[in-house]
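2 protein chains.
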Amino acid sequence: MTETTTASDGQTRTARKRQAILDVASTLFLRDGYLATSMDQIAAAAAVSKQTVYKQFTDKQSLFREIVTGTVELVSDPVARQVASLPDSSDLEADLQKLARALVSQVSQPRVMQLRRLVIGEAGRFPELGRLFYQRGPGRTIDALAAAFESLAARNQLRLDDPQLAAEHFNWLVTSIPLNRMMLCGDTERPDPAALDRYADAGAQAFLASYRPN
Amino acid sequence: MTETTTASDGQTRTARKRQAILDVASTLFLRDGYLATSMDQIAAAAAVSKQTVYKQFTDKQSLFREIVTGTVELVSDPVARQVASLPDSSDLEADLQKLARALVSQVSQPRVMQLRRLVIGEAGRFPELGRLFYQRGPGRTIDALAAAFESLAARNQLRLDDPQLAAEHFNWLVTSIPLNRMMLCGDTERPDPAALDRYADAGAQAFLASYRPN
DNA sequence: CCAACAGTACTGGACAGTACAGTTCTAGGC
DNA sequence: GCCTAGAACTGTACTGTCCAGTACTGTTGG
Chain A
1 MTETTTASDG
11 QTRTARKRQA
21 ILDVASTLFL
31 RDGYLATSMD
41 QIAAAAAVSK
51 QTVYKQFTDK
61 QSLFREIVTG
71 TVELVSDPVA
81 RQVASLPDSS
91 DLEADLQKLA
101 RALVSQVSQP
111 RVMQLRRLVI
121 GEAGRFPELG
131 RLFYQRGPGR
141 TIDALAAAFE
151 SLAARNQLRL
161 DDPQLAAEHF
171 NWLVTSIPLN
181 RMMLCGDTER
191 PDPAALDRYA
201 DAGAQAFLAS
211 YRPN
Chain B
1 MTETTTASDG
11 QTRTARKRQA
21 ILDVASTLFL
31 RDGYLATSMD
41 QIAAAAAVSK
51 QTVYKQFTDK
61 QSLFREIVTG
71 TVELVSDPVA
81 RQVASLPDSS
91 DLEADLQKLA
101 RALVSQVSQP
111 RVMQLRRLVI
121 GEAGRFPELG
131 RLFYQRGPGR
141 TIDALAAAFE
151 SLAARNQLRL
161 DDPQLAAEHF
171 NWLVTSIPLN
181 RMMLCGDTER
191 PDPAALDRYA
201 DAGAQAFLAS
211 YRPN
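Which chain is which? The protein sequence lines are A and B, in order.
All residue numbers in the first sequence are consecutive under full-length UniProt numbering, ending with 214.
All residue numbers in the second sequence are consecutive under full-length UniProt numbering, ending with 214.
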């Protein structure tokens, strides 16, 4: 008797229910916010009794924390990996452009935007989640960029005094335009992929114009 | 003499009470968020009866909207004015640096940060407020910058194809680093003024390295 | 004098978290 | 492969609290 609820076989019933709660609560929290999402709503949408929710998560705050930290982990990895391969570049301009496009495309995903909005909005109630998001999100990307840039500068492929500062400049040159617009104007106004690429290219271009030797 | 913030002079009683409500509600909304602030709290803190609140503002949403739009107006003006005087510059590097410092200092004010967090967090409930904040805030600054840059480019003081894009790059190069850190890590981690100036200087420097002729 | 105000109480609803009786699944021994 | 004890789960109801918005009576200030 192999039951499937959300394509999650081979798990105990408890684990399956737990996952259903996490999935559903994630959707609701990201869409409506922390206070506007009720535990009754979550239990109902997960097709689970309220008591099961409270068996898995001691209270609403715990559930919320687990969802935010989990989602941050999910989104955090791919970019950092791509950055790590940058120093091996033989065509820096092309590779920076590729990296910029990947970066913009990642951070502008609706799910990431929603998470960012949620964390910022609840920064007063959950300050540690804000810090976590920063460290695992932009912070991690910037650190990886700084390491890559330092290595490139050592081989005269870039000209810079402060790798960390250059990394911040690259990151925000590339992402800020669509990021800030979407943060405030909602996911409905997400620029189409071509426009996102143009922002990425222009940011990478400006970065190189500023940090390329000679 | 017809406009005051908290002083209780020269106004009708009704206007004074109205202002007290706006002041107090502003503080509470900015500190605790929309849902976590109750109308009873506001009435009590304003030393006013609940009925008076509802006489002045039809409901909680109206009060909230009025506060957000009002605060946006307050913060919006000074920067745009300073930008407008940029094209007359005889020493572009010095004036851009001064502008950058003023810009960072303005947008990093705790009150502005709190408003930004509030608007972003409530973007789902009040999408029109997000758009308003963008237009009157960063949007307005960027438009003014674009006009100034175009005029400077016409006199070969800058080299650029797309003034709007250059304006966005300047704006975010200068503000993004402290802005994003503070958005997520809270006002407690506001860099000291000297550090803010360093971010501003570095942003202006990078912009010029990229957009200065030759 | 009269509109605006204070104070208080009330309506109707929502929500976090708990309690409990009854049902269903799962694990482990045979 | 079958059976049973116990854990996990459901459904519902309940507690205590909070909140937006209204009603009403009496008071105050312009």
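All C-beta atoms in this analysis are idealised placements derived from N, C-alpha and C, irrespective of residue type, glycine included.
These numbers come from a predicted model, not from an experiment.
Cutoff 7 Å; reference residue i; Cβ partners in own chain excluding five residues on either side
i                 : result
THR37 of chain B  : LEU28 and PHE29
THR175 of chain A : LEU103, VAL104 and VAL107
ARG140 of chain A : SER76 and ALA80
ASP161 of chain B : none
ALA7 of chain B   : With a pLDDT of 41 at ALA7 of chain B, under the threshold of 50, the predicted position of this residue should be treated as unreliable, though the coordinate-derived value follows. If we look at ALA7 of chain B and ignore the five residues flanking it on each side, it has no Cβ neighbours.
ALA144 of chain B : ALA80, VAL83 and ALA84
VAL53 of chain B  : ILE21, MET39, ILE42 and ALA43
ASN156 of chain A : PRO213
Assigned exposure category for residue i - 16 Cβ within 10 Å defines buried
i                 : result
ASN171 of chain B : buried
GLU3 of chain B   : Low confidence applies here, because GLU3 of chain B scores a pLDDT of 36, under 50, leaving its location unreliable; read the following figure in that light. By the neighbour-count rule (16 or more Cβ atoms within 10 Å), GLU3 of chain B is not buried but exposed.
THR71 of chain B  : buried
ASN180 of chain B : buried
SER49 of chain A  : exposed
SER90 of chain B  : exposed
ALA94 of chain A  : exposed
ARG101 of chain B : buried
GLN51 of chain B  : exposed
ALA46 of chain A  : buried
ALA202 of chain A : buried
CB-CB length for residue i against residue j, believed under 8 Å
i                 : j                 : result
ARG18 of chain B  : GLN61 of chain B  : Their Cβ separation, rounded to whole angstroms, is 17 Å, which puts ARG18 of chain B and GLN61 of chain B out of contact at 8 Å.
MET183 of chain B : GLU189 of chain B : Rounded, the Cβ-Cβ distance is 10 Å, inconsistent with contact.
CYS185 of chain A : GLY137 of chain B : Contact doesn't hold; Cβ gap of about 12 Å is too wide.
PRO78 of chain B  : ASP187 of chain B : So it is not a contact: roughly 20 Å between Cβ atoms.
LEU158 of chain A : ARG212 of chain A : 7 Å
PHE133 of chain B : VAL119 of chain B : 5 Å
ALA209 of chain A : SER26 of chain B  : That pair is no contact at about 43 Å.
Separation of residue j from residue i, as counted between CA atoms
i                 : j                 : result
PRO87 of chain B  : LEU99 of chain B  : 12 Å
LEU115 of chain B : PRO127 of chain A : 16 Å
GLN164 of chain A : GLY121 of chain A : 28 Å
GLN11 of chain B  : ALA20 of chain B  : 12 Å
ASP40 of chain B  : GLN135 of chain A : 38 Å
LEU196 of chain A : LEU63 of chain A  : 34 Å
ALA206 of chain A : ALA44 of chain A  : 50 Å
PRO178 of chain A : ASP23 of chain B  : 33 Å
ALA204 of chain A : ARG198 of chain B : 23 Å
LEU96 of chain A  : ALA84 of chain A  : 12 Å
GLU73 of chain A  : ILE42 of chain B  : 39 Å
THR14 of chain A  : THR58 of chain A  : 15 Å
PHE149 of chain B : ASN214 of chain A : 24 Å
ARG65 of chain B  : GLY33 of chain A  : 19 Å
ILE142 of chain B : VAL68 of chain A  : 33 Å
PRO193 of chain B : HIS169 of chain B : 22 Å
ARG16 of chain B  : ARG31 of chain B  : 23 Å
Same chain, Cβ closer than 6 Å to residue i, five either side skipped, listed in chain order
i                 : result
ALA146 of chain A : PRO163, GLN164 and ALA167
PRO191 of chain B : PRO178
LEU35 of chain B  : none
ALA153 of chain B : LEU160
ALA200 of chain B : ALA100, ARG101, VAL104 and VAL174
LEU92 of chain B  : GLN157
beta-carbon residue i near the ligand COA non-hydrogen atom, thresh 7 Å
i                 : result
LEU196 of chain A : The model on display carries no ligand, and the ligand COA is accordingly not part of it.
Close beta carbons around residue i, own chain, < 8 Å, minus the five adjacent residues each side
i                 : result
SER151 of chain A : PRO87
GLY124 of chain B : none
ARG117 of chain B : MET183
MET1 of chain A   : With a pLDDT of 34 at MET1 of chain A, under the threshold of 50, the predicted position of this residue should be treated as unreliable, though the coordinate-derived value follows. Hits under 8 Å: none found.
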